[in-house]
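The next block holds one structure in the form of structure tokens; read it before the comments.
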Amino acid sequence: IMVLVDTDGSAATGWQENGLSGVDLVISAHYRGKVEEAQARFWPKGTPPPVQLAKAARDLISGMMVAPTFDFDQTEFRFLRGAPLSPSDGPGFASERMRIKLVASLGNGEFLDETDVLTLSLPPFRHRGRSDVGSESDPLQRALGTDYRVVTWNVSHRTMREHLDDITRLLQALDGDILLLNEVSDKVSSGEIERRVDRFPTNADSQEWNVVFGEGGGDERCLVASRFPLKPVTSLSRLPHPKGVDDAIESLLDLPDSRIEVFETIEADICVAGAVVQARNTRVLAVSLGLQSKGNQATSWQEIIRRLQARTMQSAIAVALAEHPIDAIVLGGDLNLVVTNVPLQEIRKGLDFDRNRLSIVDALQLDGLSNATWRSPGSGYLPGRLDYILYSGSTLALQQSFVFDTTDLSNRWLEKYSLQFSDSDEISDHLPIVADFANR
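Residue numbering for the sequence shown follows my numbering, beginning at 64 and increasing consecutively.
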């Protein structure tokens with residue numbers, strides 16, 4: 064399948080291909096093929112050959128995003144308006160019109176089918192450089208009426224040890240009341256983390272920070288920390304995988320290495336931590352979680368385990384709600400939605416107090432141009448939205464939210480918060496999500 068894109072709506076630019084004049088960009092992929100194998104072309108066929116889509120996004124197309132990052136029967140492409148399509152081009156998607164056409168063919172190039180040309184009208188484009196974001200008002204300031212701020216972040220267990228000071232500094236800047244951290248390295252002791260957290264400002268409700276660690280996840284733990292008093296939820300401290308999970312995926316395992324990895328995953332239990340936070344007059348069930356990573360198709364063993372983990376967590380959270388008096392719910396973590404969004408839908412089911420699904424925090428980065436929470440420029444994958452905050456919309460009102468990337472801050476705010484422009488890129492391949500809530 065080829066997606067032909069006339070990014071400026073003009074037949075006078077670009078080239079002609081498959082009946083569309085003015086083609087500026089072609090994205091091609093095999094049906095049901097992996098997203099990371101897709102290709103991009105900024106020139107007519109054969110002059111020169113196409114490049115891997117991930118390489119194009121990394122080196123040529125600034126701000127491009129694909130969801131999911133692997134494979135599914137629906138794929139979303141997101142482009143940053145005004146970004147050049149190649150180093151020698153002017154701004155792309157800056158016009159008030161663009162045209163798209165889809166062409167299907169066999170692997171040998173034989174034509175199968177095509178769509179009509181779709182013309183889209185776009186709002187006027189106003190360029191805004193990243194250095195302009197937050198130059199007038201403090202971009203990290205809490206929203207008016209906020210009762211508590213929640214921060215979730217995958218702190219990357221592989222590099223946490225060497226970046227512990229940087230993680231502490233960044234979390235201090237975000238000033239959350241409830242922290243939901245995942246991929247906390249087992250090479251960093253609980254005592255060391257507690258000492259770091261105790262450096263954060265307290266409030267009148269508690270003279271010290273409180274931390275609850277989950278026992279599952281192997282070398283990637285989850286934790287809940289708060290400047291409010293909290294009590295651990297025992298049913299969420301260690302959450303085993305459901306019995307029979309290995310039987311459910313036995314037919315998918317044809318390699319010895321896969322069997323070993325599955326066994327280690329199941330033995331490590333699920334990465335989760337839960338606590339009841341006494342946020343003044345509100346009892347908040349706060350849950351930090353991390354689902355299985357990787358898996359390149361809906362039938363992969365990783366995706367099967369991811370769905371089982373989500374269902375198991377949903378059931379455990381429902382039990383916790385029945386066992387504890389709770390007024391509000393916040394869940395945060397890395398859901399690793401690299402294939403489908405089924406795990407997200409599974410974990411949300413019926414957990415709000417009105418029996419509806421938990422609400423999703425739809426946070427954008429501070430520049431307002433992307434909702435990606437993960438990016439890894441050196442890998443073969445495009446930026447994606449892997450991390451989420453869910454909440455009980457029946458009892459909580461979302462005041463504001465954002466995905467935090469230090470490259471979105473002007474020098475003024477970097478200096479105020481003792482941050483470096485490159486902090487986000489160096490600390491973790493995931494970005495924190497910040498959400499300000501008010502009680503209804």
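Beta carbons are placed, not taken as given, at the ideal position from N, Cα and C, and that holds for glycine.
In the DSSP assignment, the residues bridged to Thr182 are Arg162. Inclusion of Gln365 and Ile410 in the CB contact set at 7 Å is not warranted, their separation being larger than that value. In the structure shown, the three-state DSSP call for Phe156 is coil. The alpha-carbon of Gly277 is positioned some 15 Å away from that of Glu330.
Across the set Phe263, Val402 and Lys250, the C-alpha of Lys250 shows the shortest separation from the C-alpha of Glu283. Gln372 is a Cβ neighbour of Leu354, given a cutoff of 7 Å. Under the three-state reduction of DSSP, Leu398 is assigned to coil, being neither helix nor strand. Gln102 sits close to Pro113, with the two beta carbons spaced by under 7 Å. When the alpha-carbon of Leu459 is set against those of Asp229, Trp216 and Arg346, the nearest one is in Arg346. Of the residues assessed, Thr469 falls on the buried side of the cut-off, its CB having 16 or more other CB atoms within 10 angstroms. The DSSP-derived three-state label of Thr297 is helix.
If one requires a minimum length of 3 residues, the beta strand (DSSP E) runs lying completely within the stretch 428 to 497 are 450 to 454 and 459 to 466, in chain order. For Glu139, the uninterrupted beta strand (DSSP E) segment begins and ends at Glu139 to Arg141. Rounded to whole angstroms, the Cβ separation of Leu243 and Ser351 is 4 Å, and the two are in contact under 8 Å. Here DSSP, grouped into helix, strand and coil, assigns Leu354 to coil. Listed in chain order, the non-local C-beta contacts of Ser422 below 6 Å within the same chain comprise Tyr454 and Gly456, local neighbours out to five positions each way being set aside. Of His387, Arg438, Arg370 and Trp437, the smallest CA-CA separation from Gln408 is found for Arg370. For His226, the CB contacts under 6 Å within the same chain, skipping 5 residues up- and downstream, are Ile490 in chain order. Taking 7 Å as the cut-off, the beta carbon of Leu494 is found closer than this to the beta carbon of Thr436. Comparing C-alpha distances from Pro107 to each of Ala92, Thr76 and Ser219 shows the shortest one belongs to Thr76. Straight across, the Cα-Cα distance linking Glu271 with Ser289 is about 9 Å.
DSSP places Thr215 within a strand segment (E or B) once states are collapsed to three. Cα atoms of Ala342 and Pro295: separation of roughly 14 Å, rounded to the nearest angstrom. With a threshold of 16 other beta carbon atoms within 10 Å, Asp268 falls short and is exposed. Assigned with DSSP and collapsed to three states, Asp176 falls in strand.
In the DSSP annotation of this structure, Leu67 is not part of any alpha helix (DSSP H); the continuous beta strand (DSSP E) holding it starts and ends at Met65 to Asp69. Cβ neighbours of Asp486 within its own chain (closer than 8 Å, five residues either side excluded): Asp229, Arg232, Leu233 and Thr469. Arg322 and Ala391 have their alpha carbons spaced roughly 40 Å apart. DSSP places Arg346 within a strand segment (E or B) once states are collapsed to three. Counting along the chain, Gln102 sits inside no alpha helix (DSSP H); it lies in the beta strand (DSSP E) bounded by residues Gln102 to Arg104.
Using a 10 angstroms sphere on the CB of Lys479, the tally of other CB atoms stays under 16, which defines it as exposed.
Residue pairing by DSSP places Asn245 opposite Asn217 in a beta bridge. A distance below 8 Å between beta-carbons, with the five flanking residues on each side excluded, links Phe500 to the following residues of its chain, in chain order: Thr209, Asp210, Tyr211, Arg212, Val213, Ala391, Val393, Tyr454, Leu459, Ala460, Leu461 and Gln462.
For the pair Thr70 and Gly155, the CB atoms are nearer than the 7 Å cut-off.
Boundaries of the alpha helix (DSSP H) harbouring Ser378: Trp364 to Glu386, taken from the DSSP string.
DSSP places Asp499 within a strand segment (E or B) once states are collapsed to three.
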